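A.B. asks: Here it is, the structure in full.
In this note's numbering, the protein residues as written are 5 to 166.
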């Protein structure tokens, strides 16, 4: 009799999804990045004191392709101007519940040009993931709350417990 993946296997797979999220977007591999989301995923960014600046939610349309198009439309103009981003995720806290999970982690985004390196953004991600029929973990919801930004309804107010 074969058993399914262990809780440790699931945590490692989710950490891999989170790490790939950063690497793939940084290298402009948007279609592969999009595959980290479910078809009906929802993503939001809530501004703090950095990029959006006013604390209002900047929602992307629901759905994998709409999320990819939104991110590509924001990142590619910077890349064309010689600005390269590096997303650096912190160690996530993961709460498993069968084929679904919640994960919470901090991040730093560094912007690099030929002349400078600067911190572009900091904050926390609040996510819900699901295991697909192919066994891969994907984001069902992903809320990015920039430092100083208010938490939207439904976001994890604190790191998940044990």
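Built from N, CA and C at the ideal position, the CB exists for glycine as well.
Remember, predicted model here, so these are calculated numbers, not experimental data.
Would you decide whether residue 117 is buried or exposed? Buried here means 16 or more other CB atoms lie within 10 Å of its CB.
C.D. replies: Position 113 of the chain shown, counted from the first residue, corresponds to residue 117. The residue is exposed, with fewer than 16 neighbouring Cβ atoms inside 10 Å.
A.B. asks: Going by C-alpha to C-alpha distance, which of 42, 21 and 50 sits closest to residue 98?
C.D. replies: As a working mapping, residue 98 is identified with position 94 in the chain shown. It is 21.
A.B. asks: Rounded C-beta distance between residue 124 and residue 113? I'm assuming under 8 Å.
C.D. replies: Position 120 of the chain shown, counting from 1, holds the residue named residue 124. Position 109 of the chain shown, counting from 1, holds the residue named residue 113. Residue 124 to residue 113, Cβ: 5 Å. Contact.
A.B. asks: I need the straight-line Cα distance from residue 134 to residue 143, nearest angstrom please.
C.D. replies: Locating residue 134 in the chain shown gives position 130, where the first residue counts as 1. Locating residue 143 in the chain shown gives position 139, where the first residue counts as 1. Rounded to whole angstroms, residue 134 to residue 143 spans 7 Å at the Cα level.
A.B. asks: Straight-line CA distance for residue 12 to residue 111?
C.D. replies: For the purposes of this step, residue 12 is taken as residue 8 along the chain shown, with counting starting at 1. For the purposes of this step, residue 111 is taken as residue 107 along the chain shown, with counting starting at 1. Between residue 12 and residue 111, the C-alpha separation is close to 23 Å.
A.B. asks: Consult DSSP for residue 56 and reduce its assignment to one of helix, strand or coil.
C.D. replies: As a first step, residue 56 is located in the chain shown; it is residue number 52 there, counting from the start. Bear in mind that the predicted position of residue 56 carries a pLDDT of just 45, short of 50, making it unreliable; the figure below should be weighed with that in mind. Coil at residue 56, not helix or strand.
A.B. asks: Terminal residues of the continuous beta strand (DSSP E) containing residue 122?
C.D. replies: In the chain shown, counting from the first residue as 1, residue 122 sits at position 118. Looking at the DSSP string, the run of the beta strand (DSSP E) that includes residue 122 is 121-135.
A.B. asks: Let me check understanding here. Comparing Cα to Cα, which of 148, 153, 7 and 154 lies closest to residue 25?
C.D. replies: Within the chain shown, numbered from 1, the residue matching residue 25 stands at position 21. Checking every option, the nearest Cα to that of residue 25 belongs to 148.
A.B. asks: Distance check for residue 66 and residue 17, CA to CA, integer angstroms please.
C.D. replies: Looking up residue 17 in the chain shown gives position 13. Looking up residue 66 in the chain shown gives position 62. One C-alpha to the other measures close to 24 Å.
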